[in-house]
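Under the working numbering, residues 1217 to 1315 are what the sequence shown spells out, in order.
Where is the CB? At the ideal position from N, CA and C, for every residue including glycine.
Structure first, then comments.
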Amino acid sequence: MRMHNPPHPGEIIQEMLPEMNIKIAEMARRLHYSREMLSRVINCRAPVSPDLAVRLERAGLSTARMWLALQMSHDLWQAEHREQPPITPLYVAPTITAA
């Protein structure tokens, strides 16, 4: 298990904005994506969807798979570190004994 919280993909997009000299509204317009929804992603309040990942790839910002892998890593870490109820195993493998 990883010891650190993987970044939300929105953090990475947020860091890229000044380098690209673009505002959220302009990025949303170019991606044909809702400014409100893009803002939620960039501010880490919404996940990168497969649709947004494809649009980012088509805009030249890495690959859709990379964006979705980042989102999955972030989500999985969050789930692993969130308090969970006690889980009863569904299956216990039989013990193999030597004859």
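Would you tell me roughly how many angstroms separate the C-alpha atoms of residue i and residue j, rounded to the nearest one?
i     : j     : result
Y1249 : M1243 : 8 Å
Q1287 : M1232 : 17 Å
A1314 : T1304 : 28 Å
If residue i sits next to residue j, beta carbons under 8 Å apart, how far is it from one beta carbon to the other, in whole angstroms?
i     : j     : result
C1260 : E1299 : No, C1260 and E1299 are not in contact; Cβ-Cβ is about 21 Å, not under 8 Å.
L1170 : P1266 : A question about residue 1170 goes unanswered here, because the residues of the chain that appear run from 1217 up to 1315.
If you count every other CB in all the chains shown that lies within 10 Å of the CB of residue i, and 16 or more means buried, which is it?
i     : result
V1308 : exposed
P1301 : exposed
H1224 : buried
R1271 : buried
L1306 : exposed
A1241 : exposed
Look at residue i and residue j and say whether their C-beta atoms are less than 8 Å apart.
i     : j     : result
H1290 : P1234 : no
Q1230 : I1258 : yes
Select from the options the residue whose C-alpha is nearest the C-alpha of residue i.
i     : options                : result
L1292 : K1239, P1263 and R1251 : P1263
R1246 : H1224, G1276 and H1220 : G1276
H1220 : A1269, E1296 and A1241 : E1296
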